[in-house]
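Have a look at the structure below before the remarks.
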Amino acid sequence: MLTHEMTRATQAAPEQFAALTSLMAEEEAPLSDAPLYSPEDGGIGVLLLGLLLSPKPPKDR
Amino acid sequence: MPFAEASPQEEFSLAVERMAVRALDALDSVGGAGLTAAPATVLGASTADLAAVRILGADLFAPYLLAGATLHSGLAEAVAMADAFRLFPPEQLSTQQVSTQQLNEQQLNEQQLSARQLSLQGPSVVGWRDWAAAEVLSRCGHPAVVRPPAVVTPDGVESRWQEWSLWMAKLSPLAVPGLDSPVHESARRGLRALGRGTVRAMLRRDYRTAARIARWLALGQSSGMESPLRLEPLFQHIRLFGGPSARTALDVRVGERLARAVDR
Numbered sequence: 001m002l003t004h005e006m007t008r009a010t011q012a013a014p015e016q017f018a019a020l021t022s023l024m025a026e027e028e029a030p031l032s033d034a035p036l037y038s039p040e041d042g043g044i045g046v047l048l049l050g051l052l053l054s055p056k057p058p059k060d061r
Numbered sequence: 062m063p064f065a066e067a068s069p070q071e072e073f074s075l076a077v078e079r080m081a082v083r084a085l086d087a088l089d090s091v092g093g094a095g096l097t098a099a100p101a102t103v104l105g106a107s108t109a110d111l112a113a114v115r116i117l118g119a120d121l122f123a124p125y126l127l128a129g130a131t132l133h134s135g136l137a138e139a140v141a142m143a144d145a146f147r148l149f150p151p152e153q154l155s156t157q158q159v160s161t162q163q164l165n166e167q168q169l170n171e172q173q174l175s176a177r178q179l180s181l182q183g184p185s186v187v188g189w190r191d192w193a194a195a196e197v198l199s200r201c202g203h204p205a206v207v208r209p210p211a212v213v214t215p216d217g218v219e220s221r222w223q224e225w226s227l228w229m230a231k232l233s234p235l236a237v238p239g240l241d242s243p244v245h246e247s248a249r250r251g252l253r254a255l256g257r258g259t260v261r262a263m264l265r266r267d268y269r270t271a272a273r274i275a276r277w278l279a280l281g282q283s284s285g286m287e288s289p290l291r292l293e294p295l296f297q298h299i300r301l302f303g304g305p306s307a308r309t310a311l312d313v314r315v316g317e318r319l320a321r322a323v324d325r
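Which chain is which? The protein sequence lines are Y and W, in order.
The working numbering applies: residue 1 is where the first sequence begins, and numbers increase by one.
The working numbering applies: residue 62 is where the second sequence begins, and numbers increase by one.
Rendered as structure tokens:
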């Protein structure tokens with residue numbers, strides 16, 4: 001049989017009620033942690049280098 | 062372990078985590094290995110513990126409800142919940158929530174009014190959670206009368222799936238076997254909307270919200286309905302990436318047990 005003493009106040013304080021309600025109605029996370037597109041700094045340089053090094057298109061006769 | 066400078070919110074948050082760990086232990090012991098007793102620890106030894114009991118609500122009894130174990134008045138959870146209802150009466154909580162909302166109402170402009178239509182369900186979130194806790198407590202032999210709130214669920218669930226699924230996330234402790242209400246009925250009707258809400262939360266990497274909504278999908282699946290999402294890999298992903306929160310872990314474990322219940 002479990003026993004414990006009730007030595008608390010008969011009712012909680014208003015700020016305790018406020019904390020309780022906010023933890024009961026827990027909102028979704030305010031900020032998303034989804035991955036965002038972030039272009040690499042050297043991306044444009046790599047693209048230009050690729051264009052320069054790429055073989056020329058065949059000429060039409 | 063209360064801290065000298067901790068606010069009630071911080072103190073209660075820590076207590077809820079501790080209480081969720083206890084519920085997880087109970088989930089393993091009750092029915093898990095054929096045992097019928099939860100960990101024999103004293104519940105509700107402090108105000109923060111009783112607040113945690115109130116915050117977890119019906120989730121505290123989830124191990125027993127999932128295992129189909131007999132509820133009785135001598136359960137440590139039942140005794141603590143009865144004490145918690147005395148310390149934090151349901152009617153006081155509703156009043157607190159409404160007065161906070163009235164204060165916020167003065168700061169709203171006209172553009173925000175339409176968004177507020179759904180936040181009106183704030184009091185009903187607490188009301189429904191109280192109703193569920195009181196319902197289970199009554200089954201333990203501790204009569205606690207809490208009437209279900211008047212606001213049941215918003216209209217147009219499909220068109221407003223985003224707000225509605227977030228509302229249902231807040232009501233995740235109701236997603237346990239043996240409870241039935243208009244909220245459960247709306248969940249059965251809105252499984253697709255709940256699926257969308259779960260996917261949105263996963264894409265936002267808000268695993269806590271995803272786990273809470275997915276519990277409703279698991280409950281629907283346990284009652285023979287088809288879930289719009291495959292729940293096993295979903296819960297597995299949340300289990301791996303959901304962080305250290307014991308509350309999230311409890312939602313995941315309850316959801317997994319519910320999803321598996323369909324195979325029985």
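All residues carry an ideal CB built from backbone N, CA and C; glycine is no exception.
All figures in this text were calculated on a predicted structure; none of them were measured in a lab.
The DSSP assignment places complete alpha helix (DSSP H) segments of no fewer than 4 residues inside the region 246 to 317 of chain W at 252 to 264, 268 to 283, 292 to 302, in order along the chain.
Taking 9 angstroms as the CB threshold, Y:S22 lines the interface with chain W. Contact between the region 66 to 74 of chain W and the region 12 to 25 of chain Y is established, with three or more Cβ pairs separated by less than 8 angstroms. It is roughly 6 angstroms from the alpha-carbon of W:A137 to the alpha-carbon of W:L104.
Using a Cβ-Cβ cut-off of 9 angstroms, Y:S54 does not count as an interface residue toward chain W, since no Cβ of chain W sits closer than that to its own.
Taking C-alpha positions only, W:T131 is separated from Y:A12 by approximately 31 angstroms. The DSSP-derived three-state label of Y:K59 is coil.
When the alpha-carbon of W:T108 is set against those of W:A123, W:L85, W:L75, W:S90, the nearest one is in W:L75. In this structure, W:A195 places its C-beta atom within 9 angstroms of the C-beta atom of W:V206. Among the residues of chain Y, those whose CB is under 7 angstroms from the CB of W:P69 are E15, Q16, A19, following chain order.
Residues of chain Y with a Cβ closer than 9 angstroms to the Cβ of W:S74 are, in chain order, A19, L23. In terms of beta-carbon proximity, W:D89 stays away from the interface with chain Y, with every pair separated by 9 angstroms or more. Apart from the 5 residues on each side of it in sequence, W:D191 sits with its Cβ closer than 6 angstroms to the Cβ of P151, V207 in its chain, given in chain order.
Secondary structure at Y:G50: helix, using DSSP grouped into helix, strand and coil. A distance below 9 angstroms separates the beta carbons of W:S233 and W:W277.
Look at W:D191 here: in three-state DSSP terms it is helix.
For W:L311, the number of other beta carbons within 10 angstroms of its own is at least 16, and it is reported as buried. Here the alpha carbon of W:T259 sits roughly 31 angstroms from the alpha carbon of W:L111. Nearest C-alpha to W:L117 among W:L252, W:S134, W:R83: W:R83.
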